[in-house]
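Protein chains in written order, with my numbering: chain A, 1 to 297; chain B, 1 to 329. What follows is a short report on a single structure.
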């Protein structure tokens with residue numbers, strides 16, 4: 001398995017993508033690697049990296065039931081096993097499948113004893129592969145994008161993550177993962193198999209509340225976890241430090257709030273490249289140096 | 001004041017742009033205007049509205065049960081690995097030749113157990129997937145309903161639907177249902193927008209904020225919701241404002257407010273008091289007050305008129321990308 005480090009945090013807008021893209025830039029100065037943006041509902045890593053257009057696009061299909069009405073006996077088994085309510089059956093009528101509700105789990109396929117359900121496919125999103133070069137740094141960005149109107153993010157995150165993992169293994173390069181906001185199972189899938197989980201938070205009670213939910217997952221799975229408190233200085237960070245200790249977090253790291261960070265964010269350049277001498281860049285480089293033995297492989 | 005139930009959703013696509021700050025300010029001002037109303041926190045994976053409103057305890061807390069979690073009976077399992085092959089989410093992990101099911105991923109779909117040749121997979125039923133909480137009266141007078149998913153559980157959108165139904169019941173008929181949505185455009189947000197009449201879209205003048213604004217706006221168009229736009233932290237990147245304004249003009253979205261970046265906002269959060277109350281004369285408070293007055297005082301009393309003026313001309317279609325069977329038959 002190639003080294004895998006993921007960046008998550010619970011609350012939106014704490015700086016997950018900000019930290020992940022800066023670390024990706026620094027790692028890219030040393031060696032080739034993959035950065036997977038698994039925030040499929042609102043992917044922004046390419047914007048923070050100044051990428052104008054996403055590269056090569058491939059569909060991510062999941063299973064979709066195709067009903068063979070000549071074989072269907074209207075027994076109702078498929079509708080009964082469907083947990084998402086995607087298969088609707090009214091009295092003496094053949095089943096109808098609602099695409100948006102279907103999560104592609106195949107329970108109906110296996111439950112049908114009359115072979116009336118055939119494996120079809122539905123594209124729930126896409127995966128883009130984009131080469132990124134910023135100065136001397138070079139790496140590959142993989143971006144998952146949810147198809148507009150779809151609601152099941154978990155199977156898409158799983159699809160993109162598996163492809164990214166496979167590619168990292170084939171090329172023997174490290175993989176960095178940036179997750180979306182939230183604390184549901186889409187996030188657990190994104191951080192699965194990580195050698196290190198970096199939970200990015202902010203010094204507000206909101207950041208604290210959602211950090212706890214993420215730490216519940218990483219502690220529950222016995223994963224090696226660090227906490228990065230971004231925008232240090234805009235509020236009280238003591239409770240976050242205490243929470244990190246309570247959950248046995250291995251390392252707690254503060255990255256200060258800085259004007260340069262906002263400017264770099266808006267310009268689409270990692271701050272470590274935009275203002276290398278700033279305090280915020282210094283603290284991110286410090287974080288990278290600590291992480292290096294884990295990610296550089 | 002309202003002769004029917006009006007659902008107003010605050011959404012943004014991108015996280016951390018100020019949804020909860022806008023929602024809380026609007027809720028307080030609407031309550032001052034005397035609306036019969038309920039606020040609902042529909043971000044079950046990261047519920048924060050209660051913190052912004054200074055709610056530290058609940059009057060009612062109901063456990064929310066949903067779904068199943070699969071587990072493997074070790075004495076029956078022969079470690080054949082079929083379950084790991086068929087699991088649609090990769091929840092079955094292998095550790096030293098043994099298989100186990102990651103409970104923070106499993107959705108309980110029964111695909112593994114149907115396929116297990118040894119019948120070695122069982123389910124934990126009645127899983128507590130979260131909480132639904134009610135504060136009957138916040139200090140601003142209105143009730144708050146909030147949902148929270150258990151970390152690692154799926155389908156938070158279902159919980160959001162429950163939260164909205166609960167809030168509607170508390171509201172009891174006509175009045176204002178003010179919904180604070182999650183980040184993103186997935187199941188939670190779709191549940192928040194279903195049935196809504198009006199949406200306050202919050203953005204910030206960064207390329208990332210703008211990209212996500214367009215995504216959430218397309219989704220409101222699908223649901224035929226009349227949008228209005230609030231640009232938060234507008235002064236962090238003023239040169240970008242024109243791009244957003246141009247989009248708003250072209251898409252017929254009225255801009256109802258511009259709020260400056262203000263350190264008073266995080267400071268007030270640390271105190272657990274809404275910024276309008278903690279620092280009433282701060283620039284952000286004044287701007288939040290102004291936009292909330294506009295919505296509560298001008299838009300809501302004539303919401304039908306507003307809706308017919310700004311409702312999308314036609315719904316943005318949802319086109320599922322279904323492929324034909326490629327394997328057999």
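We put the beta carbon where it would ideally sit given N, CA and C, even for glycine.
Take residue 205 (chain A), set aside five residues on each side of it, and the residues of its chain with a beta-carbon closer than 8 Å to its own are 239, in chain order. For the options A:7, A:31 and A:46, the alpha carbon positioned closest to that of residue 218 (chain A) is the one of A:7. Under DSSP, residue 232 (chain B) forms a beta bridge with B:259. Here residue 192 (chain A) is buried: its Cβ has 16 or more other Cβ atoms, across all protein chains shown, within 10 Å. With a threshold of 8 Å between beta carbons, residue 122 (chain A) makes contact with chain B.
When C-alpha distances from residue 245 (chain B) are compared across B:210, B:260 and B:148, the shortest belongs to B:210. DSSP places residue 201 (chain A) in the strand class (E or B) of the three-state scheme. Apart from sequence neighbours up to five positions away, the residues of its chain that approach residue 283 (chain A) with a beta-carbon distance below 8 Å are 253, 254, 255 and 256, ordered along the chain. Using a Cβ-Cβ cut-off of 7 Å, residue 321 (chain B) is close to 122, 123 and 147 of chain A, given in chain order.
The bridge partners DSSP lists for residue 100 (chain B) are B:93.
For residue 48 (chain A), the enclosing alpha helix (DSSP H) covers residues 45-48. Sixteen is the threshold: since fewer than 16 other Cβ atoms of the shown chains lie within 10 Å of the Cβ of residue 290 (chain A), the residue is exposed.
Look at residue 223 (chain B): its C-beta is not under 8 Å from any C-beta on chain A.
Neighbours of residue 262 (chain A) in chain B, taken as residues at a C-beta separation under 8 Å, are given in chain order as 236 and 237. For the 8 Å CB-CB criterion, residue 188 (chain B) and residue 152 (chain B) do not form a contact. Residue environment analysis places residue 57 (chain B) among the exposed positions, since fewer than 16 neighbouring C-beta atoms fall within 10 angstroms of its C-beta. Judged by DSSP secondary structure, residue 62 (chain B) falls outside any alpha helix (DSSP H) and instead within the beta strand (DSSP E) spanning 60-65. Here residue 197 (chain B) is buried: its Cβ has 16 or more other Cβ atoms, across all protein chains shown, within 10 Å.
By the criterion of at least three beta-carbon pairs nearer than 8 Å, the stretch 135-154 of chain B is not in contact with the stretch 4-23 of chain B.
The Cβ-Cβ distance between residue 272 (chain A) and residue 146 (chain A) does not fall below 8 Å. Using a 10 angstroms sphere on the CB of residue 304 (chain B), the tally of other CB atoms stays under 16, which defines it as exposed. Closer than 8 Å to the CB of residue 112 (chain A) there is not a single CB belonging to chain B. Between residue 228 (chain A) and residue 198 (chain A) the beta-carbon gap is near 6 Å, inside 8 Å, which marks them as a contact. For the stretch 117-181 of chain B, the continuous beta strand (DSSP E) assignments of 3+ residues that do not extend past its boundaries occur at 121-124, 128-135, 144-149 and 175-181, in sequence order. In the DSSP assignment, residue 221 (chain B) falls within the alpha helix (DSSP H) that extends over 207-222.
Between residue 260 (chain A) and residue 247 (chain A), the gap from beta carbon to beta carbon reaches 8 Å or more. With a cutoff of 8 Å on beta-carbon distance, residue 259 (chain B) and residue 278 (chain B) are scored as not near each other. According to the DSSP secondary-structure assignment, residue 37 (chain B) is paired through a beta bridge with B:176. With its beta carbon at least 8 Å from every one in chain A, residue 116 (chain B) lies outside the interface. In this structure, residue 143 (chain B) keeps its C-beta atom at 8 Å or more from the C-beta atom of residue 133 (chain B). Beta bridge pairing from DSSP links residue 213 (chain A) with no other residue.
DSSP links residue 251 (chain A) through a beta bridge to A:226.
DSSP lists A:142 and A:177 as the bridge partner or partners of residue 36 (chain A). At a beta-carbon threshold of 7 Å, the residues of chain B lying near residue 204 (chain A) are 266, 269 and 270, ordered along the chain. Annotated as proximal: residue 180 (chain B) and residue 43 (chain B), with beta-carbon spacing under 8 Å.
For residue 73 (chain B), there is no enclosing beta strand (DSSP E), as DSSP gives it neither H nor E.
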